[in-house]
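>
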Amino acid sequence: MKIRAVILAGGEGSRLGILTAKRTKPAVPFAGKYRIIDFTLSNCVNSGIFDVMILAQYRPHSLIEHIGAGGPWDLNRDFTGGVRILTPYKARRDSDWFHGTADAVQQNFRFIKSNFPDLIVILSGDHIYEMNYDALVAFHLDHRADLTMATIRVPDSEAPRFGIVGYDDDYRVASFVEKPRTPPSNLANMGVYVFNTTYLDKYLWEDHALTNSSHDFGKDIIPRMVKNGERVFTYPYSGYWVDVGTVDTYWQAHMDLLGDTPSIDLNDRSWIIHTRTEERPPVRISKGADIIDSMITDGCVIPSGAKIERSVLAPGVRVLPGAVIKESIILTDCIVGEGSIVEHTIMDKRVRLGENTIIGKALPHGKRMITMIGKNSHIPAGTTVEPGATIGTDVTPADFPSNLVRSADYLETKRPAYEV
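Those letters in the sequence shown? Residues 1153 to 1572, per the working numbering, in order.
Here it is, written out as C-alpha coordinates:
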(Lines of atoms letter the chains of each structure in order from A and count residues from 1; the text may use other names and numbers.)
(Lines give C-alpha, C1' and ligand atoms only; values in the text may rest on other atoms or scores of the structure.)
Protein backbone atom coordinates (compact mmCIF):
# COMPACT_ATOMS: atom_id res chain seq x y z
CA MET A 1 0.00 0.00 0.00
CA LYS A 2 1.63 3.24 -1.18
CA ILE A 3 0.55 6.38 0.71
CA ARG A 4 1.45 9.98 -0.07
CA ALA A 5 0.67 12.94 2.19
CA VAL A 6 -0.14 16.36 0.74
CA ILE A 7 0.03 19.28 3.17
CA LEU A 8 -1.81 22.48 2.26
CA ALA A 9 0.47 25.29 3.46
CA GLY A 10 -0.30 28.22 1.19
CA GLY A 11 -2.76 30.18 3.29
CA GLU A 12 -2.25 33.87 3.97
CA GLY A 13 -3.66 33.63 7.49
CA SER A 14 -4.79 37.25 7.50
CA ARG A 15 -6.73 36.81 10.76
CA LEU A 16 -3.39 36.32 12.55
CA GLY A 17 -2.57 39.94 11.76
CA ILE A 18 1.07 40.95 12.02
CA LEU A 19 2.21 37.36 12.70
CA THR A 20 1.63 36.60 9.01
CA ALA A 21 2.80 39.95 7.64
CA LYS A 22 6.09 38.36 6.56
CA ARG A 23 5.39 34.61 6.63
CA THR A 24 2.73 32.07 5.75
CA LYS A 25 0.54 30.80 8.60
CA PRO A 26 2.12 27.29 8.82
CA ALA A 27 5.52 28.97 9.38
CA VAL A 28 4.34 31.00 12.39
CA PRO A 29 6.35 30.05 15.52
CA PHE A 30 4.55 28.07 18.21
CA ALA A 31 5.35 26.96 21.78
CA GLY A 32 8.73 28.63 21.85
CA LYS A 33 10.75 26.34 19.56
CA TYR A 34 8.36 25.00 16.91
CA ARG A 35 6.57 26.18 13.77
CA ILE A 36 2.88 25.36 13.37
CA ILE A 37 3.57 22.99 10.45
CA ASP A 38 5.87 20.89 12.65
CA PHE A 39 2.83 19.21 14.20
CA THR A 40 1.43 17.98 10.89
CA LEU A 41 4.85 16.96 9.57
CA SER A 42 5.61 15.09 12.79
CA ASN A 43 2.24 13.36 12.67
CA CYS A 44 3.20 12.09 9.20
CA VAL A 45 6.57 10.61 10.14
CA ASN A 46 5.34 9.30 13.51
CA SER A 47 2.59 7.52 11.54
CA GLY A 48 5.08 5.97 9.13
CA ILE A 49 4.33 8.29 6.19
CA PHE A 50 7.65 9.43 4.69
CA ASP A 51 6.38 10.56 1.28
CA VAL A 52 5.22 14.16 1.74
CA MET A 53 4.41 17.02 -0.62
CA ILE A 54 3.83 20.55 0.69
CA LEU A 55 1.82 23.02 -1.38
CA ALA A 56 2.99 26.55 -0.59
CA GLN A 57 1.95 29.92 -1.99
CA TYR A 58 1.76 33.00 0.27
CA ARG A 59 5.19 34.26 1.45
CA PRO A 60 6.79 30.79 1.53
CA HIS A 61 10.37 31.92 2.27
CA SER A 62 10.38 31.19 6.02
CA LEU A 63 8.61 27.87 5.41
CA ILE A 64 11.09 26.76 2.74
CA GLU A 65 14.05 27.77 4.91
CA HIS A 66 12.61 25.98 7.93
CA ILE A 67 11.91 22.69 6.16
CA GLY A 68 15.03 22.66 3.98
CA ALA A 69 15.76 19.13 2.80
CA GLY A 70 13.60 17.67 5.59
CA GLY A 71 16.40 16.34 7.80
CA PRO A 72 14.82 16.98 11.23
CA TRP A 73 11.81 14.84 10.19
CA ASP A 74 13.91 12.12 8.50
CA LEU A 75 12.45 13.28 5.19
CA ASN A 76 15.73 14.00 3.38
CA ARG A 77 15.22 11.04 1.06
CA ASP A 78 15.78 10.88 -2.70
CA PHE A 79 14.24 7.63 -3.90
CA THR A 80 11.94 6.39 -1.13
CA GLY A 81 9.76 9.44 -0.63
CA GLY A 82 11.05 12.46 1.25
CA VAL A 83 9.61 15.97 1.29
CA ARG A 84 9.00 18.24 -1.70
CA ILE A 85 7.68 21.78 -1.62
CA LEU A 86 5.56 22.82 -4.62
CA THR A 87 4.66 26.43 -5.37
CA PRO A 88 2.45 28.01 -8.09
CA TYR A 89 4.01 28.36 -11.50
CA LYS A 90 3.13 29.80 -14.89
CA ALA A 91 2.74 27.47 -17.86
CA ARG A 92 1.08 27.79 -21.26
CA ARG A 93 -2.30 26.90 -19.79
CA ASP A 94 -4.15 25.66 -16.72
CA SER A 95 -1.72 27.01 -14.14
CA ASP A 96 -1.82 30.15 -12.04
CA TRP A 97 -2.15 31.20 -8.42
CA PHE A 98 -4.13 28.66 -6.40
CA HIS A 99 -7.81 29.62 -6.19
CA GLY A 100 -8.90 27.19 -3.50
CA THR A 101 -7.71 24.10 -1.65
CA ALA A 102 -8.91 21.74 -4.37
CA ASP A 103 -7.40 23.92 -7.09
CA ALA A 104 -4.04 23.82 -5.31
CA VAL A 105 -4.10 20.02 -5.39
CA GLN A 106 -5.46 19.86 -8.95
CA GLN A 107 -2.76 22.14 -10.37
CA ASN A 108 -0.10 19.86 -8.90
CA PHE A 109 -1.87 16.56 -9.40
CA ARG A 110 0.49 15.37 -12.13
CA PHE A 111 3.25 15.45 -9.50
CA ILE A 112 1.03 14.21 -6.67
CA LYS A 113 -0.05 11.06 -8.52
CA SER A 114 3.43 10.28 -9.87
CA ASN A 115 4.61 6.74 -9.01
CA PHE A 116 0.93 5.83 -8.52
CA PRO A 117 0.16 6.10 -4.79
CA ASP A 118 -2.88 4.08 -3.73
CA LEU A 119 -4.03 6.61 -1.14
CA ILE A 120 -3.52 10.34 -0.78
CA VAL A 121 -3.76 11.87 2.69
CA ILE A 122 -4.59 15.57 2.44
CA LEU A 123 -3.75 17.65 5.50
CA SER A 124 -3.71 21.25 6.65
CA GLY A 125 -0.40 22.73 7.74
CA ASP A 126 -1.89 25.16 10.25
CA HIS A 127 -3.44 22.98 12.97
CA ILE A 128 -2.06 22.03 16.39
CA TYR A 129 -2.76 18.37 17.21
CA GLU A 130 -1.30 14.88 17.44
CA MET A 131 -2.96 12.17 15.35
CA ASN A 132 -1.92 8.68 14.30
CA TYR A 133 -2.72 8.68 10.57
CA ASP A 134 -2.01 4.94 10.45
CA ALA A 135 -5.21 4.36 12.45
CA LEU A 136 -7.07 6.73 10.12
CA VAL A 137 -5.87 4.80 7.05
CA ALA A 138 -6.84 1.47 8.65
CA PHE A 139 -10.35 2.84 9.29
CA HIS A 140 -10.53 3.97 5.63
CA LEU A 141 -9.57 0.53 4.35
CA ASP A 142 -11.85 -1.34 6.76
CA HIS A 143 -14.85 0.68 5.55
CA ARG A 144 -13.89 0.39 1.86
CA ALA A 145 -14.23 4.15 1.67
CA ASP A 146 -13.62 6.43 -1.29
CA LEU A 147 -13.02 9.31 1.11
CA THR A 148 -12.58 9.35 4.87
CA MET A 149 -12.66 12.67 6.71
CA ALA A 150 -11.61 13.17 10.32
CA THR A 151 -14.13 14.97 12.52
CA ILE A 152 -14.20 16.40 16.03
CA ARG A 153 -16.79 17.88 18.37
CA VAL A 154 -16.37 21.64 18.79
CA PRO A 155 -18.17 24.10 21.08
CA ASP A 156 -21.56 25.08 19.65
CA SER A 157 -20.44 28.69 19.47
CA GLU A 158 -17.54 27.70 17.20
CA ALA A 159 -19.51 25.41 14.89
CA PRO A 160 -20.36 28.09 12.26
CA ARG A 161 -16.62 28.34 11.48
CA PHE A 162 -16.45 24.74 10.25
CA GLY A 163 -17.94 22.26 7.84
CA ILE A 164 -20.57 20.28 9.77
CA VAL A 165 -21.01 16.54 9.24
CA GLY A 166 -24.00 14.24 9.70
CA TYR A 167 -23.55 10.46 9.58
CA ASP A 168 -25.41 7.15 10.01
CA ASP A 169 -24.78 4.23 12.37
CA ASP A 170 -21.91 2.94 10.21
CA TYR A 171 -20.12 6.35 10.21
CA ARG A 172 -21.09 6.90 6.58
CA VAL A 173 -21.54 10.62 5.88
CA ALA A 174 -25.19 11.41 5.20
CA SER A 175 -24.91 15.21 5.08
CA PHE A 176 -22.27 17.89 4.88
CA VAL A 177 -22.66 21.66 4.97
CA GLU A 178 -19.77 24.13 4.91
CA LYS A 179 -19.79 26.88 7.58
CA PRO A 180 -23.57 27.10 8.11
CA ARG A 181 -25.04 30.08 9.93
CA THR A 182 -27.24 27.70 11.94
CA PRO A 183 -25.28 24.47 12.33
CA PRO A 184 -27.36 21.27 12.62
CA SER A 185 -24.75 19.81 15.00
CA ASN A 186 -21.27 20.50 16.36
CA LEU A 187 -19.43 17.66 14.58
CA ALA A 188 -16.79 19.57 12.61
CA ASN A 189 -14.62 18.70 9.66
CA MET A 190 -10.95 18.81 10.69
CA GLY A 191 -9.55 19.19 7.18
CA VAL A 192 -7.86 15.77 7.42
CA TYR A 193 -8.75 13.53 4.47
CA VAL A 194 -7.85 10.12 3.06
CA PHE A 195 -8.75 9.75 -0.63
CA ASN A 196 -8.50 6.82 -2.98
CA THR A 197 -6.32 8.31 -5.70
CA THR A 198 -8.67 7.40 -8.58
CA TYR A 199 -11.64 9.12 -6.93
CA LEU A 200 -9.64 12.22 -6.07
CA ASP A 201 -8.42 12.43 -9.68
CA LYS A 202 -11.98 12.08 -11.00
CA TYR A 203 -13.53 14.73 -8.78
CA LEU A 204 -10.70 17.21 -9.16
CA TRP A 205 -11.00 17.16 -12.95
CA GLU A 206 -14.79 17.46 -12.79
CA ASP A 207 -14.48 20.39 -10.41
CA HIS A 208 -11.79 22.02 -12.55
CA ALA A 209 -14.24 22.17 -15.47
CA LEU A 210 -16.98 23.92 -13.45
CA THR A 211 -16.86 27.68 -13.89
CA ASN A 212 -19.18 28.28 -10.92
CA SER A 213 -17.05 26.30 -8.46
CA SER A 214 -14.86 27.88 -5.78
CA HIS A 215 -12.55 24.84 -6.15
CA ASP A 216 -12.53 24.06 -2.45
CA PHE A 217 -12.74 20.68 -0.72
CA GLY A 218 -15.22 21.83 1.90
CA LYS A 219 -17.42 23.94 -0.37
CA ASP A 220 -17.36 21.83 -3.52
CA ILE A 221 -15.61 18.43 -3.60
CA ILE A 222 -17.02 16.84 -0.43
CA PRO A 223 -20.64 18.01 -0.89
CA ARG A 224 -20.57 16.69 -4.48
CA MET A 225 -19.23 13.30 -3.41
CA VAL A 226 -21.87 12.99 -0.69
CA LYS A 227 -24.63 14.04 -3.10
CA ASN A 228 -23.47 11.47 -5.66
CA GLY A 229 -23.63 8.66 -3.12
CA GLU A 230 -19.91 7.94 -2.98
CA ARG A 231 -18.57 6.00 0.00
CA VAL A 232 -17.68 8.95 2.25
CA PHE A 233 -17.04 8.13 5.91
CA THR A 234 -16.29 10.12 9.05
CA TYR A 235 -13.45 9.17 11.39
CA PRO A 236 -14.26 10.48 14.90
CA TYR A 237 -11.32 12.04 16.71
CA SER A 238 -11.42 12.83 20.43
CA GLY A 239 -7.97 14.28 21.14
CA TYR A 240 -6.82 17.88 21.33
CA TRP A 241 -7.06 19.79 18.05
CA VAL A 242 -7.17 23.49 17.31
CA ASP A 243 -7.14 25.54 14.14
CA VAL A 244 -4.91 28.44 15.19
CA GLY A 245 -6.43 30.72 12.59
CA THR A 246 -7.05 33.77 14.78
CA VAL A 247 -5.07 35.76 17.31
CA ASP A 248 -7.36 34.53 20.10
CA THR A 249 -7.03 30.83 19.18
CA TYR A 250 -3.25 31.18 18.77
CA TRP A 251 -2.99 32.78 22.22
CA GLN A 252 -5.37 30.25 23.79
CA ALA A 253 -3.48 27.28 22.30
CA HIS A 254 -0.38 28.51 24.13
CA MET A 255 -2.26 28.94 27.37
CA ASP A 256 -3.60 25.37 26.97
CA LEU A 257 0.00 24.14 27.11
CA LEU A 258 0.60 25.81 30.47
CA GLY A 259 -2.07 24.21 32.63
CA ASP A 260 -1.59 21.44 35.18
CA THR A 261 -2.67 19.00 32.46
CA PRO A 262 -1.15 20.32 29.21
CA SER A 263 -3.20 19.93 26.04
CA ILE A 264 -0.26 18.23 24.30
CA ASP A 265 2.56 16.39 26.07
CA LEU A 266 5.65 17.78 24.34
CA ASN A 267 7.79 15.47 26.49
CA ASP A 268 6.18 12.28 25.12
CA ARG A 269 9.14 10.40 23.64
CA SER A 270 6.81 8.03 21.78
CA TRP A 271 5.39 10.91 19.71
CA ILE A 272 8.15 13.47 19.21
CA ILE A 273 7.33 16.80 17.58
CA HIS A 274 10.33 17.26 15.33
CA THR A 275 11.60 20.68 14.30
CA ARG A 276 14.61 22.54 12.99
CA THR A 277 16.41 24.35 15.81
CA GLU A 278 19.59 26.35 15.97
CA GLU A 279 22.15 25.84 18.69
CA ARG A 280 21.50 28.06 21.70
CA PRO A 281 23.06 28.09 25.16
CA PRO A 282 21.05 26.80 28.12
CA VAL A 283 18.51 29.05 29.80
CA ARG A 284 20.09 31.41 32.38
CA ILE A 285 17.82 32.01 35.38
CA SER A 286 19.27 34.13 38.18
CA LYS A 287 18.53 33.80 41.88
CA GLY A 288 15.53 35.93 42.75
CA ALA A 289 13.75 35.50 39.41
CA ASP A 290 10.14 34.40 39.75
CA ILE A 291 8.82 31.99 37.09
CA ILE A 292 5.34 30.47 37.35
CA ASP A 293 3.65 27.98 34.95
CA SER A 294 5.72 29.05 31.94
CA MET A 295 7.76 27.61 29.07
CA ILE A 296 11.24 29.10 28.74
CA THR A 297 13.29 28.11 25.68
CA ASP A 298 17.06 27.82 25.15
CA GLY A 299 19.11 31.00 25.20
CA CYS A 300 16.71 33.02 27.37
CA VAL A 301 18.13 35.18 30.17
CA ILE A 302 15.95 35.83 33.23
CA PRO A 303 17.60 38.11 35.85
CA SER A 304 16.92 38.60 39.53
CA GLY A 305 13.75 40.57 40.14
CA ALA A 306 12.07 39.60 36.86
CA LYS A 307 8.71 37.81 36.97
CA ILE A 308 7.36 35.48 34.28
CA GLU A 309 3.86 34.08 34.78
CA ARG A 310 1.90 31.76 32.41
CA SER A 311 3.95 32.83 29.41
CA VAL A 312 5.96 31.26 26.59
CA LEU A 313 9.41 32.66 25.80
CA ALA A 314 11.04 31.60 22.52
CA PRO A 315 14.83 31.21 22.07
CA GLY A 316 17.10 34.09 23.00
CA VAL A 317 14.56 36.30 24.81
CA ARG A 318 16.34 38.66 27.17
CA VAL A 319 14.40 39.99 30.15
CA LEU A 320 15.94 42.86 32.08
CA PRO A 321 15.63 43.42 35.87
CA GLY A 322 12.24 44.32 37.26
CA ALA A 323 10.32 43.35 34.11
CA VAL A 324 7.02 41.49 34.46
CA ILE A 325 5.55 39.24 31.73
CA LYS A 326 2.11 37.68 32.24
CA GLU A 327 0.06 35.43 29.94
CA SER A 328 2.08 36.48 26.90
CA ILE A 329 3.93 34.91 23.98
CA ILE A 330 7.37 36.41 23.35
CA LEU A 331 9.10 35.23 20.17
CA THR A 332 12.79 34.84 19.32
CA ASP A 333 15.45 37.36 20.41
CA CYS A 334 13.09 39.93 21.91
CA ILE A 335 14.38 42.26 24.63
CA VAL A 336 12.03 43.29 27.43
CA GLY A 337 13.33 46.46 29.02
CA GLU A 338 14.00 47.11 32.68
CA GLY A 339 10.85 47.73 34.72
CA SER A 340 8.52 46.97 31.79
CA ILE A 341 5.13 45.29 32.24
CA VAL A 342 3.82 43.01 29.47
CA GLU A 343 0.40 41.35 29.77
CA HIS A 344 -1.82 39.48 27.29
CA THR A 345 0.58 40.29 24.45
CA ILE A 346 1.95 38.46 21.41
CA MET A 347 5.35 39.85 20.47
CA ASP A 348 7.00 38.76 17.21
CA LYS A 349 10.74 38.22 16.67
CA ARG A 350 13.40 40.76 17.58
CA VAL A 351 11.09 43.28 19.24
CA ARG A 352 12.86 45.63 21.63
CA LEU A 353 11.02 47.26 24.54
CA GLY A 354 12.60 50.28 26.18
CA GLU A 355 12.63 50.59 29.96
CA ASN A 356 9.38 51.18 31.88
CA THR A 357 7.10 50.40 28.96
CA ILE A 358 3.58 49.13 29.70
CA ILE A 359 2.23 46.77 27.05
CA GLY A 360 -1.33 45.45 27.08
CA LYS A 361 -2.13 45.66 30.77
CA ALA A 362 -4.95 43.38 31.96
CA LEU A 363 -8.56 44.59 31.81
CA PRO A 364 -11.01 44.42 34.75
CA HIS A 365 -13.69 41.77 35.23
CA GLY A 366 -11.72 39.04 33.47
CA LYS A 367 -11.97 40.66 30.05
CA ARG A 368 -9.13 40.08 27.58
CA MET A 369 -7.80 41.95 24.58
CA ILE A 370 -4.63 40.69 22.90
CA THR A 371 -1.98 43.30 22.13
CA MET A 372 0.20 42.61 19.08
CA ILE A 373 3.72 43.85 18.33
CA GLY A 374 5.26 43.11 14.93
CA LYS A 375 8.67 41.75 14.01
CA ASN A 376 11.72 44.03 14.45
CA SER A 377 9.80 46.86 16.13
CA HIS A 378 11.37 49.07 18.80
CA ILE A 379 9.10 50.55 21.47
CA PRO A 380 10.66 53.63 23.11
CA ALA A 381 11.13 53.91 26.89
CA GLY A 382 8.14 55.05 28.90
CA THR A 383 5.57 54.15 26.23
CA THR A 384 2.17 52.72 27.11
CA VAL A 385 0.49 50.46 24.55
CA GLU A 386 -3.10 49.84 25.61
CA PRO A 387 -4.80 46.41 25.45
CA GLY A 388 -5.88 45.45 21.92
CA ALA A 389 -3.57 47.88 20.11
CA THR A 390 -1.34 46.69 17.26
CA ILE A 391 2.20 47.81 16.50
CA GLY A 392 3.17 46.80 12.96
CA THR A 393 6.47 45.39 11.72
CA ASP A 394 9.72 47.42 11.63
CA VAL A 395 8.29 50.31 13.69
CA THR A 396 10.93 52.62 15.20
CA PRO A 397 10.76 55.19 18.01
CA ALA A 398 10.48 57.92 15.38
CA ASP A 399 7.13 56.44 14.27
CA PHE A 400 5.46 57.08 17.65
CA PRO A 401 3.51 60.39 17.69
CA SER A 402 3.31 60.23 21.49
CA ASN A 403 4.08 57.90 24.38
CA LEU A 404 0.52 56.48 24.32
CA VAL A 405 -0.88 54.00 21.78
CA ARG A 406 -4.61 53.53 22.35
CA SER A 407 -6.57 50.28 22.12
CA ALA A 408 -8.01 50.85 18.66
CA ASP A 409 -4.74 52.10 17.14
CA TYR A 410 -2.71 50.33 14.47
CA LEU A 411 0.70 51.97 14.37
CA GLU A 412 2.77 51.38 11.22
CA THR A 413 6.23 52.45 10.21
CA LYS A 414 6.72 55.34 7.81
CA ARG A 415 9.67 53.50 6.23
CA PRO A 416 9.46 50.79 3.53
CA ALA A 417 9.04 47.26 4.93
CA TYR A 418 11.81 44.75 4.31
CA GLU A 419 11.67 40.98 4.04
CA VAL A 420 13.53 39.57 7.03
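Quick reminder that beta carbons are idealized off the backbone N, C-alpha and C, glycines included. Quantities reported herein were computed from a predicted structural model and do not represent experimental measurements.
1) In angstroms, rounded to a whole number, what distance separates the CA positions of F1347 and L1271?
2) If we ignore side chains and look at the alpha-carbon of each, how far apart do L1193 and D1286 end up?
3) Can you say whether E1217 is buried or exposed, counting buried as having 16 or more other CB atoms within 10 angstroms of its CB?
4) Please check the pair S1199 and N1284, which I expect to be a contact at CB under 8 Å, by giving their CB distance rounded to whole angstroms.
5) Does DSSP put S1194 in a helix, in a strand, or in coil?
6) With respect to the alpha helix (DSSP H) encompassing K1379, which residues constitute its N-terminal and C-terminal limits?
7) In the DSSP assignment, find the alpha helix (DSSP H) that holds K1354 and state where it starts and stops.
8) For the beta strand (DSSP E) that E1479 lies in, which residues bound it at each end?
9) S1492 to R1432, Cα distance in whole Å?
10) Could you tell me the alpha carbon to alpha carbon distance between A1161 and G1440, rounded to whole angstroms?
11) Who pairs with N1330 in a beta bridge, going by DSSP?
12) Between the alpha carbons of T1536 and N1555, how many angstroms are there, rounded?
13) In terms of alpha-carbon separation, which member of A1179, A1183, F1202 lies closest to A1208?
14) Specify, as a first and last residue, the run of the alpha helix (DSSP H) that L1215 falls within.
15) Might you give, ordered along the chain, the residues of its own chain that have their beta carbon closer than 6 Å to the beta carbon of E1521, omitting 5 neighbours on each side?
16) Return the chain-ordered list of same chain residues with a C-beta closer than 7 Å to the C-beta of A1326, the five sequence neighbours on each side being excluded.
17) DSSP three-state call for M1153: helix, strand or coil?
18) Does the stretch 1489-1504 touch the stretch 1461-1476, meaning 3 or more C-beta pairs lie closer than 8 Å?
19) Which of the three DSSP states, helix, strand or coil, is assigned to H1406?
With the structure as the only source:
1) As a working note, residue 1347 is residue 195 in the sequence shown. As a working note, residue 1271 is residue 119 in the sequence shown. Looking at the two C-alpha atoms, the distance is approximately 6 Å.
2) To locate residue 1193, count along the sequence shown from 1; it is residue 41. To locate residue 1286, count along the sequence shown from 1; it is residue 134. Roughly 14 Å between the two C-alpha positions.
3) Mapped onto the sequence shown, residue 1217 falls at position 65. The residue in question, E1217, is exposed, as its Cβ has fewer than 16 Cβ neighbours within 10 Å.
4) The count along the sequence shown starts at 1 and reaches residue 1199 at position 47. The count along the sequence shown starts at 1 and reaches residue 1284 at position 132. Contact check for S1199 and N1284: beta-carbon distance about 5 Å, within the 8 Å limit, so the pair qualifies.
5) Indexing the sequence shown from 1 puts residue 1194 at position 42. Residue state, collapsed to three classes: helix.
6) Locating residue 1379 in the sequence shown gives position 227, where the first residue counts as 1. First-last of the alpha helix (DSSP H) with K1379: 1374-1379.
7) In the sequence shown, counting from the first residue as 1, residue 1354 sits at position 202. 1349-1360 is the extent of the alpha helix (DSSP H) around K1354.
8) The sequence position of residue 1479 within the sequence shown is 327, counting from 1. First-last for E1479: undefined, no H or E at that position.
9) Start at 1 with the first residue of the sequence shown, and residue 1492 comes out as number 340. Start at 1 with the first residue of the sequence shown, and residue 1432 comes out as number 280. If I take the Cα positions, the gap works out to 25 Å.
10) Indexing the sequence shown from 1 puts residue 1161 at position 9. Indexing the sequence shown from 1 puts residue 1440 at position 288. Answer to the nearest angstrom: the Cα atoms are 43 Å apart.
11) Here residue 1330 refers to the residue found at position 178 of the sequence shown. The question names Asn, but residue 1330 in the sequence shown is Glu. Paired residues: G1315.
12) Counting from one through the sequence shown, the residue named residue 1536 turns up at place 384. Counting from one through the sequence shown, the residue named residue 1555 turns up at place 403. In this structure, the straight-line span from the alpha carbon of T1536 to that of N1555 is close to 6 Å.
13) Mapped onto the sequence shown, residue 1208 falls at position 56. It is A1179.
14) Residue 1215 sits at position 63 when you count from the first residue of the sequence shown. That run of the alpha helix (DSSP H) goes 1213-1219.
15) Walking along the sequence shown from the start, residue 1521 turns up at place 369. The residue you asked about is not Glu; residue 1521 is Met in the sequence shown. For M1521, where only same-chain residues beyond five positions count, the Cβ hits under 6 Å are P1539, G1540.
16) Taking the first residue of the sequence shown as 1, we reach residue 1326 at position 174. G1318, Y1319, D1320.
17) Position 1 of the sequence shown, counted from the start, is the residue given in the question as residue 1153. In the structure shown, M1153 sits in coil (DSSP, three-state: anything other than H, G, I, E or B).
18) yes
19) Position 254 of the sequence shown, counting from 1, holds the residue named residue 1406. Helix, per DSSP.
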